[in-house]
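Heads up: the structure comes next, in structure tokens.
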Amino acid sequence: MKKDLDRFSHQSKAYKDYRPTYPEELFKYIYSFCNARNTCWDCGTGNGQVAIVLSKSFAHVFASDISKQQIQHAVHRDNIEYSVQRAEQTSFVSDSFDLITVAQAVHWFDLEAFNHEVQRVLKPNGIIAIWGYGLLRINSEIDPIILHFYNNIIGAYWDKERDYIDLKYSTIPFNFNEIHIKDTFKIETSWTLLELEGYFNSWSSVQNFMKKNNGQNPVDQLIKDISLKWNTPRQKITFPIFMRLGRNAK
Numbered sequence: 002m003k004k005d006l007d008r009f010s011h012q013s014k015a016y017k018d019y020r021p022t023y024p025e026e027l028f029k030y031i032y033s034f035c036n037a038r039n040t041c042w043d044c045g046t047g048n049g050q051v052a053i054v055l056s057k058s059f060a061h062v063f064a065s066d067i068s069k070q071q072i073q074h075a076v077h078r079d080n081i082e083y084s085v086q087r088a089e090q091t092s093f094v095s096d097s098f099d100l101i102t103v104a105q106a107v108h109w110f111d112l113e114a115f116n117h118e119v120q121r122v123l124k125p126n127g128i129i130a131i132w133g134y135g136l137l138r139i140n141s142e143i144d145p146i147i148l149h150f151y152n153n154i155i156g157a158y159w160d161k162e163r164d165y166i167d168l169k170y171s172t173i174p175f176n177f178n179e180i181h182i183k184d185t186f187k188i189e190t191s192w193t194l195l196e197l198e199g200y201f202n203s204w205s206s207v208q209n210f211m212k213k214n215n216g217q218n219p220v221d222q223l224i225k226d227i228s229l230k231w232n233t234p235r236q237k238i239t240f241p242i243f244m245r246l247g248r249n250a251k
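Residue numbers for the sequence shown follow this note's numbering, beginning at 2 and rising by one.
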């Protein structure tokens, strides 16, 4: 099995504070395919951002991550049970879940092993939803600065798994009866320059860059460049969402 990859324990607080949240419409769309809302598993839960939303609609939510530090920053609810364990080999009973979700995390997994585990623990005809979001967009003046940073400054510091994100999960092995997604979704928020800086600092590639360059943070120069074009206290930020949705074939 592929070695487990933990890229967010070091910056777990920044991940909690600055990662964008997903729109309600996305969850409503996923729920529309579920036969029941009894139990669900949020895999790669991180700080529990998705688990909290699921807990409002499902009776029981199981949320797991390989990062103990991420779980320690999670918000707790009575019907959420957090655990530290691998996505590909869990302690869950077979045929347990009506829904399994993975938000911006599946590309880190051993994909074939994870698919096998999903088929084991997902109920017959249960739903699996994996989704992520691409590079943020602000405006025509700032976007080229960010794209240059993404490709040319830290491009070499991304793990190879980032390719799955750039290709919108189209090349992810997905061994389920795939559901055609008719709707499109996006994250829309409003950030200060400080919040934008915090988000960039949560990138695994930035942490990789700093480790290999004596602690130098490339985000410092990026924010200086962006600040020259940042002419309001807050700017509208948009993240395009991509998703794959499937039903367990067993």
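Built from N, CA and C at the ideal position, the CB exists for glycine as well. Just so we're clear, the structure is a prediction, and the values are computed from it rather than from any experiment.
Sequence-distant Cβ neighbours of I72 in its own chain, meaning closer than 7 Å and more than five residues away, are D66, Y83, V85.
In this chain, the beta strand (DSSP E) harbouring F63 covers 61-66. For A157, the number of other beta carbons within 10 angstroms of its own is below 16, and it is reported as exposed. R245 is classed as buried because its beta carbon has at least 16 other beta carbons within 10 Å across all chains shown. The way I'd put it, the region 100-115 does touch the region 165-176; three or more beta-carbon pairs between them come closer than 8 Å. Excluding the 5 residues flanking it on each side, S206 has same chain C-beta neighbours closer than 7 Å at I155, Y158, W159, in chain order. Boundaries of the alpha helix (DSSP H) harbouring N116: 112-122, taken from the DSSP string. Residue state for L55 is assigned as helix, using DSSP reduced to three classes.
Cβ-Cβ separation between F59 and R38: approximately 5 Å, consistent with a contact (criterion under 8 Å).
Between L137 and I147, the CB-CB gap stays under 9 Å. When the alpha-carbon of T239 is set against those of I143, A64, H117, K29, the nearest one is in I143. In this chain, the beta strand (DSSP E) harbouring Q236 covers 236-248.
A residue is called buried when at least 16 other Cβ atoms come within 10 angstroms of its Cβ; G247 meets this threshold and is buried.
When DSSP reads this structure, L100 sits in a beta bridge with C41, I128.
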